[in-house]
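Asks:
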Amino acid sequence: MNLILVTFIILLAFTSYYFGRKKALVIQSSQRLTALPKFYGYYLAAWCAAPALIIFALWSVFEPSIVKTFILQDYTDQNLTKNELQLIYTKVKALAAGTYTGNITNFLDESANKYIQLKGIANSAKVAIILAILIFSLSFAYRSVQKNDRMREPVEIFLKWVLFVASLGAVLVTIGIVFSLLFEAIRFFQAVKIFDFIFGTHWYPAKTFVRDGQPDPELMKDAFGAVPLFAGTFFIAFIAMCVAIPIGLLSGIYLSEYAGRGIRKYAKPIIEILAGIPTVVYGFFAALTVGPFVKEIGNAMGLEVSAESALAAGAVMGVMIIPFISSLSDDVMTAVPQNLRDGSYAMGATKSETVKKVIFPAALPGIVGSILLAVSRAVGETMIVVMASGLAANLTMNPLESTSTITAQIVVILIGDQQFGDPKTQSAFALGISLFIVTLLLNVIALSVVKKYREKYE
Amino acid sequence: MTSLDPGLPEEEDRQLIQMVSYKYEAEVKDLLLKNPDYLGKIVPIKLTASDDVDQVHKGNYPRDIPEENRRVNDYQLQIYDMLNERGDILSEFNISFFTSPDSREAELAGIASSFMGTVFSILVCLAFSFPVAVLAAIYLEEFAPKNKFTDFIEVNINNLAAVPSIVFGLLGLGVLLAVFNLPRSTPLVGGITLSLMTLPTIIIAARASLKAVPPSIREAALAIGASNMQTTMHHTVPLSMPGTLSGTIIGLAQALGETAPLILIGMVAFVNTIPGTPVDPAASLPVQIYIWSESAERGFVEKVSACIMVLLAFLILMNLAAQIVRHKFEKKWS
Amino acid sequence: MSKIKAENVNVYYGSKQALFDVSIDIAEKEVTALIGPSGCGKSTFLRCLNRMNDVIEICRVEGSIKMDNLELNSRKLDVVRLRENVGMVFQKPNPFPKTIYENVAYGPTIHGIAQSKEEMDQIVETSLKKAALWNEVKDRLDEIGTGLSGGQQQRLCIARAISVSPEVILMDEPCSALDPIATAQIEELIDDLKKEVTIVIVTHSMSQAARVSQKTGFFHLGKLIEFGPTDKIFKNPDNQQTQDYITGRFG
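Protein chains in written order, with numbering that gives the first Met the number 0: chain A, 0 to 457; chain B, 0 to 333; chain C, 0 to 250.
This is the structure we're talking about:
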């Protein structure tokens with residue numbers, strides 16, 4: 000039904016385009032056109048399709064909830080909870096569709112009939128309204144075509160609106176992120192105190208699993224302490240940065256100051272490809288090669304090492320981040336104006352003195368910005384920690400023990416089937432929003448530092 | 000197999016059968032259906048070895064540990080050695096790795112379903128992100144007035160580009176699955192989730208290459224009486240396309256390797272059919288790597304390595320394509 | 000006969016004023032040269048005549064500019080129509096990175112001037128002939144316009160401007176990026192074109208102004224200091240500043 004309606008509107012729009020163009024050619028014989036003939040076509044087509052499709056979209060969004068309100072009106076006197084009402088509505092819909100297999104009560108049957116009836120009314124109303132709108136807007140548009148009004152401007156204003164709406168897309172994604180995270184997280188914080196979450200030191204969400212009824216509140220209090228996860232996340236990120244910063248920076252300095260044109264020409268694309276290797280590959284490498292290797296070395300030195308040590312995960316993550324830091328710091332240092340270098344050389348400074356005393360300090364804000372971006376990446380990195388670090392949340396500062404991170408816990412909790420409404424599932428969203436806030440802060444600071452730096456040298 | 004030594008006791012018979020993949024019944028059946036005249040004759044046939052025998056053959060299983068710690072017992076080893084000496088164990092290129100879907104048995108598992116899943120997800124991702132991103136970039140670069148709201152959109156896009164991918168997975172789970180009730184585990188949802196991630200990447204690339212089009216071109220078109228929209232659509236946008244396209248390919252390559260958000264929207268489910276449409280359940284290549292690397296059997300390690308090679312080959316191809324597009328078609332403005 | 004009449008034009012970039020009360024009468028089918036030291040506002044004034052200042056967001060134009068009694072500095076004016084009638088050639092040759100043919104055909108296409116392919120071919124040919132480029136490019140119309148030499152590119156831009164048969168052509172230092180031979184060709188072309196169109200040319204070269212123009216205006220610090228027949232301006236200016244500039248004491 001909907002498909003037919005949309006196809007009809009689109010076909011009509013195409014026809015009106017050709018019709019508009021033809022009309023323009025007719026007008027041309029008697030008076031000067033206000034725009035190219037195709038704009039007359041676009042004008043009609045836009046007036047044909049846009050209002051009808053907008054109404055159609057709005058209708059499709061609001062119809063289900065309106066129908067639902069009508070159906071559930073009959074149940075208001077029964078004092079049902081929200082979940083029970085939802086269940087009844089699902090049953091009614093299934094019954095109406097003929098896929099319901101449970102007990103059919105009279106009341107339910109009645110509702111299902113009402114549902115079918117309402118849907119029927121809604122459908123015919125929708126078709127009628129859309130046809131009316133089509134007729135109205137087309138006749139309106141046709142009249143201005145006849146009057147030979149300006150045609151290009153309205154079409155261009157319409158296009159501009161389309162462009163504007165597209166650019167709202169990015170904002171919508173952010174709003175979507177914030178709301179989907181907040182919605183579940185707020186429900187989580189209704190069950191678990193926010194204080195217990197931020198300052199609790201035990202993370203055992205599996206403990207709260209209860210087959211029937213509510214979990215024990217005492218258990219809940221002690222199961223969702225996120226401190227070990229925060230600590231683990233930053234600890235592994237710290238290990239990663241210990242690997243990535245020195246190597247990345249040195250390679251960035253080499254590329255921007257020492258490497259010849261030939262090397263740069265090949266090294267840059269290769270680094271770009273390195274940066275594009277999926278993290279799951281690094282994760283596999285960490286779990287299969289680096290983890291056991293670290294364990295073997297540790298054992299040979301007489302140390303107790305877990306096969307899933309924070310060290311292994313952190314080190315591999317560091318390797319992953321090297322190309323990122325290297326290429327960002329290379330860009331930043333290349334942007335340092337040549338006259339600073341010339342000034343230093345003119346005073347007789349050597350190359351390494353120039354790099355140490357002039358270029359590096361000048362590029363420092365940009366480098367700090369790129370390091371912050373790298374930290375944000377390390378904090379948000381998921382697959383390496385899921386595969387190579389432990390899944391139990393230990394509060395430890397020993398790089399040889401296993402620890403877990405925010406991202407790894409989100410995956411562990413949400414892998415497989417989720418039950419919405421379960422505090423364990425909701426806790427993943429609470430973790431998600433903490434992750435979002437942390438990375439957002441890092442990004443905002445980093446981007447503003449980098450932006451200031453760029454403005455300075457532009 | 001049984002013909003090696005008819006009249007075997009039942010226990011040994013079972014152990015023999017374990018040496019070939021459980022697919023052997025189907026393999027024999029197919030052979031007979033194709034060649035009905037084989038019925039009643041004794042013909043040599045090729046069967047797929049089980050992953051354990053495969054590992055013995057490749058020398059990955061140590062043979063000097065006690066029998067109870069081994070996955071291949073003494074009897075099976077003895078048979079293996081006998082067959083090996085007779086030259087009856089062949090290693091062939093594993094074509095079925097590319098044509099079969101996932102399986103619980105390492106020797107049968109292939110990447111066909113995850114490969115198709117990846118292809119569908121990327122196509123959906125491209126279909127959603129590219130048009131929106133290009134239109135948004137055009138608006139922001141060519142038409143947007145300088146005000147607080149456009150600044151806000153701009154900050155938003157820059158930040159979105161640095162949001163961890165797993166957060167997009169939560170968005171997909173919390174909105175696409177829970178609110179819009181789209182089908183779980185499907186490339187459709189995976190592709191939309193990835194497209195939200197790719198969106199800012201493409202917008203940033205498209206804006207940069209729009210900005211690189213020199214103002215003199217815009218002036219030339221405007222001065223001859225083109226409107227802003229015509230100038231943009233006839234000149235600026237076509238000239239910016241190489242940069243936009245190479246940015247898009249880079250963004251898609253990122254999406255191709257993305258794992259975490261797809262796990263959250265359920266693309267880790269075990270799928271042993273090859274999806275034919277974007278709304279069939281499927282895995283994707285990186286998720287397949289994750290699934291297999293979590294499996295205990297030694298045989299999967301090789302599958303993971305093969306899968307990684309396929310994935311990396313794709314990424315390198317895409318990156319090369321992006322760089323070729325950028326260098327070959329991009330105009331150098333003097 | 001007066002073609003364009005500007006009265007008390009003031010232009011502001013943000014809070015900075017770039018033109019002060021400029022009033023000028025530009026005569027039809029003549030070449031009017033605007034001279035002055037760089038930053039004096041002559042280009043700014045030129046861009047008022049086809050509303051190219053609209054592109055600059057912070058730019059604000061006050062006063063009245065009338066072309067054939069049509070007010071140009073009005074919100075209601077159809078800028079697209081105006082620019083069809085007032086073409087422009089820029090300082091640096093800026094052909095589109097498309098073929099020579101497409102470069103010239105673009106204007107007629109967007110304004111719907113040609114009804115058929117033959118008509119379009121005709122327009123392209125006459126425009127290129129008028130721009131004295133036809134003989135050099137007639138065999139390679141499908142080559143990319145940016146592959147031509149600097150002088151040829153600039154003549155291509157002139158051909159593009161005259162393809163829509165404008166009444167006025169504005170030239171913003173059209174020869175500053177060209178060598179002397181190409182400059183001479185362009186100047187010759189300007190001399191030919193003035194039979195059909197009104198030309199306003201901004202130039203930093205006083206000898207060029209003296210060679211090509213009938214009237215000359217001297218701008219300094221955003222003000223029109225002196226305006227009159229070219230001969231008079233160069234031989235016997237009224238104003239001391241003009242005298243100093245002409246004789247090379249500053250600028």
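For every residue, glycine included, the Cβ atom is placed at its ideal position computed from N, Cα and C.
1) Does any residue of chain C bring its CB to less than 8 Å from the CB of L158/A?
2) Could you give the DSSP three-state label for M396/A: helix, strand or coil?
3) Mind checking the region 258-280 of chain A against chain B and listing, in chain order, the residues whose C-beta falls within less than 9 Å of any C-beta there?
4) Is N318/B helix, strand or coil by DSSP?
5) DSSP has L18/C in a bridge; who is on the other side?
6) Cα separation between W291/B and E257/B?
7) Please report the straight-line C-alpha distance between Q90/C and R80/C, rounded to a whole angstrom.
8) Do L261/B and S283/B come within 8 Å of each other at the CB atom, strictly closer than that value?
9) Are any of the Cβ atoms in chain B nearer than 8 Å to that of A45/A?
10) Would you decide whether V25/A is buried or exposed? Buried here means 16 or more other CB atoms lie within 10 Å of its CB.
11) Counting only C-beta atoms, is Y105/C closer than 8 Å to chain B at any point?
12) So, under 8 Å CB-CB, V201/C and L45/C are touching, yes? Tell me the CB distance rounded to an integer number of Å.
13) Going by DSSP in three states, A5/C sits in which element: helix, strand or coil?
14) Please confirm whether G250/B has its beta-carbon closer than 8 Å to some beta-carbon of chain A.
15) In the DSSP assignment, find the alpha helix (DSSP H) that holds P94/C and state where it starts and stops.
16) Pick helix, strand or coil for P199/B, following the three-state DSSP scheme.
17) Any C-beta of chain C sitting closer than 8 Å to the C-beta of E218/B?
18) So, E6/C versus Q213/C, is the Cβ gap smaller than 8 Å?
19) So the alpha helix (DSSP H) A169/A belongs to, where does it begin and stop?
20) So is N157/B buried or exposed if we call it buried at 16+ other beta carbons inside 10 Å?
21) Using a C-beta to C-beta distance shorter than 7 Å, which residues of chain C count as neighbours of Q229/B?
22) Whose CA, out of I198/C, V54/C, M87/C, N93/C, lies closest to the CA of P144/B?
23) So, V167/C versus K4/C, is the Cβ gap smaller than 8 Å?
24) Taking the alpha carbon of C58/C as the reference point, which residue from G13/C, M66/C, S148/C has its own alpha carbon closest?
25) Give the straight-line distance between the Cα atoms of T276/B and F119/B, rounded to the nearest whole angstrom.
26) From which residue to which residue does the beta strand (DSSP E) around V60/C run?
27) Roughly how many angstroms lie between the CA atoms of I34/C and P336/A, to the nearest whole one?
28) Within the same chain, show all residues whose beta-carbon is closer than 6 Å to that of D24/C, passing over the 5 residues directly before and after it, in chain order.
29) Taking DSSP as the reference, what is the three-state secondary structure of L76/C?
30) Using a Cβ cut-off of 7 Å, pull out every chain C residue sitting near G394/A, in sequence order please.
31) Which residues in the same chain as S184/B place their Cβ atom closer than 6 Å to its Cβ, once the five residues preceding and following it in sequence are excluded?
32) Going along chain C in order, which residues have a C-beta closer than 9 Å to the C-beta of K145/B?
33) Closer than 8 Å, CB to CB, is D237/C near chain B or not?
34) Looking only at its chain, what residues have a beta carbon closer than 7 Å to the beta carbon of A321/B, apart from the 5 residues adjacent to it on each side?
35) Strictly under 8 Å for the Cβ-Cβ distance: is G86/C near chain B by that measure?
36) Anyone know if the C-beta pair for A181/C and I157/C falls short of 8 Å?
Replies: In terms of the structure at hand:
1) no
2) coil
3) P268, E271, I272, G275, I276, P277, T278, V279, V280
4) helix
5) V10/C
6) 16 Å
7) 23 Å
8) yes
9) no
10) exposed
11) yes
12) 5 Å
13) strand
14) no
15) Note, P94/C: premise wrong, no alpha helix (DSSP H); not H, not E.
16) helix
17) yes
18) no
19) 151-190
20) buried
21) I109
22) V54/C
23) no
24) G13/C
25) 7 Å
26) 58-66
27) 36 Å
28) S1, K4
29) coil
30) As written in the sequence, residue 394/A is Leu, which differs from the Gly given in the question. The contacting residues do not exist; L394/A stays about 56 Å from chain C at best.
31) G265, M266, A268, P280
32) E56
33) no
34) S245, I248, I249
35) yes
36) no
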